[in-house]
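Read through the structure below, which is laid out as structure tokens, and then see the notes.
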Amino acid sequence: MSPAGTVRRRDFSGPDDLRAMQDLCSRVWSPTSRFHPGQLAWSRYHRPVDPAVLDASEAIALWTAGDRTVAFGWAEAPDWLELQVDPDHPGLAVDVLEWFEEWSDADEQSAMAVEGDAAVETALADAGFEPRPDDPFFTHHVLDLDALPAARDVPGYTCRAVRPDEATERAAVHAAAWSDLGPSRVDATAYRQLGRAWPYRSDLDHVAVDAEGEMVASALVWLDPATGAGLVEPVGCVPGHRGRGLAGAVTLSALHALRAAGGVLAQVTPRGDDAYPGPQRLYRSIGFRPSARVVTWTRASD
4 MSPAGTVRRR DFSGPDDLRA MQDLCSRVWS PTSRFHPGQL AWSRYHRPVD PAVLDASEAI
64 ALWTAGDRTV AFGWAEAPDW LELQVDPDHP GLAVDVLEWF EEWSDADEQS AMAVEGDAAV
124 ETALADAGFE PRPDDPFFTH HVLDLDALPA ARDVPGYTCR AVRPDEATER AAVHAAAWSD
184 LGPSRVDATA YRQLGRAWPY RSDLDHVAVD AEGEMVASAL VWLDPATGAG LVEPVGCVPG
244 HRGRGLAGAV TLSALHALRA AGGVLAQVTP RGDDAYPGPQ RLYRSIGFRP SARVVTWTRA
304 SD
């Protein structure tokens, strides 16, 4: 732990700060950690942005000790906070929440925490947040790649890695797969951003294509080489091709590529509540097993 007085806060100033946040996530990662480095890349670049400038409705602050980032707060909206704290600096959870309260003008504020993260849960409770265990929640699932099942063949379709020049097509299959939720912000510009972001690798970005070569399902895996952990985020299948096992097949295709690239463990975090059972049922059929719940905490602001 750094000596008292050496921790300093700074506001987000661009891609180097995102990389510093990812380094923190990598350094403290375990199957029950809140974030994998790939999740931050997806959250930041899944829609067209200026890499050096945040939207007016969001804010990010980092806390550093020497050359290490030891905590961050990411207000993705005035009413929504994500945070990560180095276990060697548990008291910084309080600082992150105080920063968020000063910045936010929302009548109600929410944050997510992994059950069992004592530093974050204690800070949230002391700040007046209350857990909402009956609200929709997420569950980390993990899979030891030594136990990875064989790849699945779906007649009439082929699974393969995306080529670097296919950003337009790759963005389109994602948007079509998630069209049930409304218009997607993932377009070709965003996908080119993702392709330049660490730790994106096109050999771990897989699609299923039909007999005409059209992309109809996709699965993106992010490998952190420091931990050997690969995050599956996101997976989708276009509506007209669902019910044929393509989401599972393309996910397995990407996971086999992950193992070939040196990955040892895979993680995915689908909804865990009974109102949205499909994704977790898919991942458990592949061999993923639950490891920790991620629950929303909420408070009314003063």
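When we follow the working numbering, the leftmost residue of the sequence shown carries the number 4, and every step to the right adds one.
Backbone N, C-alpha and C fix where the C-beta goes; we use that ideal spot for every residue, glycine too.
Same chain, Cβ closer than 6 Å to residue 13, five either side skipped, listed in chain order: The answer, listed in chain order, is 65.
Other residues of its chain near residue 191: CB distance less than 7 Å, five sequence neighbours each side excluded: In its chain, beyond the 5 residues on either side, 170, 171 and 174 have a beta carbon closer than 7 Å to the beta carbon of residue 191.
9 Å Cβ cutoff met for residue 117 and residue 95: Not closer than 9 Å, so no.
Same chain, Cβ closer than 7 Å to residue 124, neighbours up to 5 away in sequence not counted: So the qualifying residues of the chain are 116.
Residue environment, residue 208, which counts as buried when at least 16 other CB atoms sit within 10 Å: By the neighbour-count criterion, in which 16 or more other beta carbons inside 10 Å mark a residue as buried, residue 208 falls on the buried side.
Beta-carbon spacing of residue 214, residue 252 below 9 Å: For the 9 Å CB-CB criterion, residue 214 and residue 252 do not form a contact.
Residue 2: first and last residue of the uninterrupted beta strand (DSSP E) it sits in: Because the chain in this structure spans residues 4 to 305, residue 2 falls outside the shown range and cannot be described.
Beta-bridge pairing of residue 75 - partner residues as DSSP gives them: For residue 75, which the question treats as bridged, DSSP gives the partners 65 and 87.
Contact set for residue 187: own chain, Cβ-Cβ below 7 Å, skip 5 residues either direction: Excluding positions up to five away in sequence, the list reads 177, 178 and 181.
Separation of residue 54 from residue 90, as counted between CA atoms: Spanning the two alpha carbons is a distance of roughly 29 Å.
Element boundaries [alpha helix (DSSP H), containing residue 282]: That run of the alpha helix (DSSP H) goes 281-289.
Run of the alpha helix (DSSP H) containing residue 99, from where it starts to where it stops: Per DSSP, the continuous alpha helix (DSSP H) segment holding residue 99 begins and ends at 95-106.
Residue 202 beta carbon less than 9 Å from that of residue 25: Cβ atoms of residue 25 and residue 202: closer than 9 Å.
DSSP beta-bridge partners of residue 225: Bridge partners of residue 225: 234.
Three-state secondary structure (DSSP) of residue 265: Coil at residue 265, not helix or strand.
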